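Engineer:
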Amino acid sequence: METSLTAEQRYATEQRLLWQSAGLMGLIAVAATWFGLLTNSHAILIDGIFSFVAVIIKILMIMTSRLTTRESSKKFQFGYWQFEPLVLAAEGGFTLIIVVYAFLNGMISLFSGGNAMNFGLAIIYALTFTFANMGYYLYVHRVNRKLKSSLIHFDNMSWLVDACFAASLFISFGLAYLLERTQYAHYGVFVDPVILIILSLTMMPVALNILGPAVSQVLGMAPEGLHEKVHEVMDDFMVRYRFKDYVSSVQRYGKIAFIDIDILIPKSYPIQEVGDLDRIRDEIDKALGGKSVRKWLTITFTTSRRWMAQDYELLEEEDE
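Residue numbers are given in the UniProt record's numbering: position 28 of the sequence shown equals residue 28, and the series is strictly consecutive.
1) Does the count of Cβ pairs from the stretch 95 to 111 and the stretch 163 to 181 closer than 8 Å reach three?
2) Between V230 and A12, what straight-line distance do the alpha-carbon atoms span, to the nearest angstrom?
3) Please classify H186: is it buried, with 16 or more other beta-carbons within 10 angstroms of its beta-carbon, or exposed?
4) Look at the alpha carbon of A287 and the alpha carbon of F237, and state the distance between them as a whole number of angstroms.
5) Need the endpoints of the alpha helix (DSSP H) that F301 sits in, please.
6) Flag this pair as yes or no: are the beta carbons of T64 and L151 separated by less than 8 Å?
7) If you draw a straight line from the alpha carbon of Q251 to that of P85, how long is it in whole angstroms?
8) Compare the Cα-Cα distances from V274 to each of G289, T300, K291, Y253 and report the closest residue.
9) Below 6 Å CB to CB, which residues in the same chain sit around S51 once its five sequence neighbours on both sides are set aside?
10) Which residue from I256, V191, A126 puts its Cα closest to that of A222?
11) Assign I261 to one of three DSSP states: helix, strand, or coil.
12) Terminal residues of the continuous alpha helix (DSSP H) containing Y253?
13) What's the C-alpha gap between G225 and V99?
14) Mind checking which residues open and close the alpha helix (DSSP H) that includes Q217?
15) Nearest-angstrom Cα distance between A122 and V55?
16) Is it buried or exposed, I271, if we count other Cβ atoms within 10 angstroms and call 16 or more buried?
17) What's the C-alpha gap between F243 and I263?
18) If you drop the 5 nearest sequence neighbours on each side, which residues of the same chain put their C-beta closer than 6 Å to that of D260?
19) Output the distance between the C-alpha atoms of L314 and E232, rounded to the nearest integer angstrom.
20) In the DSSP output, which residue or residues are listed as bridge partners for I256?
21) Secondary structure at R242, three-state DSSP: helix, strand or coil?
22) Let me confirm a value: L104 is counted as buried when at least 16 other C-beta atoms fall within 10 Å, else exposed. Which label applies?
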């Protein structure tokens, strides 16, 4: 039976994996650049550039991971959680830029006569790093099943992308190597630019998959699942405790959910002391996952609507 990790263990494991990932990706970046120059392959060079950018992003992730362990400070009184989606947005943005650059580079090379390269060395590179990247991806994926870190999850996607990239290079260079030994050898110069174009198109959804959720968090968009969960819980409490109304606002930054709930109660609501309201707060907290869910939960009770947040659902109805 698996035991849950403590906060200290989670932090230590996350830091170790991020530093390990940055160091290994740095080695791959150097190797890819060297092989790219040696084989005259633009596709391998792009892999090297992607890896160098990935190293920078990983270091930013490490800094972010350290910041998010500090709950708050005088300047950042709600904590440092917003830095996590910012880093992920930067990663998605840089990845998208590289993908677009690779596509344009491939198109230019294709229409300017192709690119002659050393397929033998390129095959050695591609095969070696297909196994290396996929092996590390699977290792981290297994560890993160217990850790459940969004930083590690998105960081690990770069290893999956690199593994798929290297595997595609291996297949393509292998076919080109065989092609060179036929009467169609003159088509070999077009293999490298065609690979760039195809891989850039296949990598674009990966870049958008990183960028989309991160930008949504940066903009403060309410996660649909969290919104529905809060409404489901509060609708039940409305009936159970006979509240008059409630307004909830939700937001997510990385691993933490921010939940604000304003509850409207009758002026004659039967409470003996403030502790009665605290007990209701505890029940709502447990219904929302308790300590198993990392959240910043604020629950207020009022007898006047003027102290409640604006009800966005009513505002939307007025706009219609």
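Note that beta-carbon positions come from the ideal geometry of N, C-alpha and C, so glycine has one too.
Here the structure is a predicted model, which means the values were calculated and not measured.
Structural biologist: Taking the geometry as given:
1) no
2) Counted from its first residue, the sequence shown places residue 230 at position 230. Counted from its first residue, the sequence shown places residue 12 at position 12. Rounded to the nearest angstrom, the two C-alpha atoms are 32 Å apart.
3) Residue 186 sits at position 186 when you count from the first residue of the sequence shown. With fewer than 16 Cβ atoms within 10 Å of its Cβ, H186 is classed as exposed.
4) Here residue 287 is taken as the residue at index 287 of the sequence shown, counted from 1. Here residue 237 is taken as the residue at index 237 of the sequence shown, counted from 1. About 10 Å.
5) Position 301 of the sequence shown, counted from the first residue, corresponds to residue 301. Element bounds for F301: not the alpha helix (DSSP H) but the beta strand (DSSP E), 295 to 302.
6) By 1-based counting over the sequence shown, the position of residue 64 is 64. By 1-based counting over the sequence shown, the position of residue 151 is 151. Taking 8 Å as the Cβ cut-off, T64 and L151 qualify as a contacting pair.
7) Against the sequence shown, residue 251 aligns to sequence position 251. Against the sequence shown, residue 85 aligns to sequence position 85. Whole-angstrom Cα-Cα distance: 12 Å.
8) Looking up residue 274 in the sequence shown gives position 274. Answer by Cα proximity: T300.
9) In the sequence shown, the residue the question calls residue 51 occupies position 51. If we look at S51 and ignore the five residues flanking it on each side, its Cβ neighbours are M25, I28, A29, A32.
10) In the sequence shown, counting from the first residue as 1, residue 222 sits at position 222. Considering only alpha carbons, the answer is I256.
11) One-based indexing of the sequence shown puts residue 261 at position 261. Looking at I261 - three-state DSSP - the assignment turns out to be strand.
12) The residue given as residue 253 occupies position 253 in the sequence shown. Unbroken run through Y253 is the beta strand (DSSP E), 245 to 253; no alpha helix (DSSP H).
13) Counted from its first residue, the sequence shown places residue 225 at position 225. Counted from its first residue, the sequence shown places residue 99 at position 99. Each residue's alpha carbon lies about 31 Å from the other.
14) The residue labelled residue 217 in the question sits at position 217 within the sequence shown. 191 to 218 is the extent of the alpha helix (DSSP H) around Q217.
15) Numbered from 1 along the sequence shown, position 122 holds the residue referred to as residue 122. Numbered from 1 along the sequence shown, position 55 holds the residue referred to as residue 55. Approximately 23 Å, taken between the alpha carbons.
16) Position 271 of the sequence shown, counted from the start, is the residue given in the question as residue 271. I271 should be labelled exposed.
17) Taking the first residue of the sequence shown as 1, we reach residue 243 at position 243. Taking the first residue of the sequence shown as 1, we reach residue 263 at position 263. Their backbone Cα atoms lie some 7 Å apart in a straight line.
18) Within the sequence shown, residue 260 is the residue found at index 260, counting from 1. Excluding residues within five positions, the ones whose Cβ falls inside 6 Å are S249, T298.
19) Taking the first residue of the sequence shown as 1, we reach residue 314 at position 314. Taking the first residue of the sequence shown as 1, we reach residue 232 at position 232. Note that L314 scores 48 on pLDDT, short of 50, meaning its location in the model is unreliable and no value can be drawn from it.
20) Residue mapping note: residue 256 aligns to position 256 of the sequence shown, counting from 1. Y253.
21) Translated into the one-based positions of the sequence shown, residue 242 becomes position 242. Note: R242 maps to coil in three-state DSSP.
22) Numbered from 1 along the sequence shown, position 104 holds the residue referred to as residue 104. Label assigned to L104: exposed.
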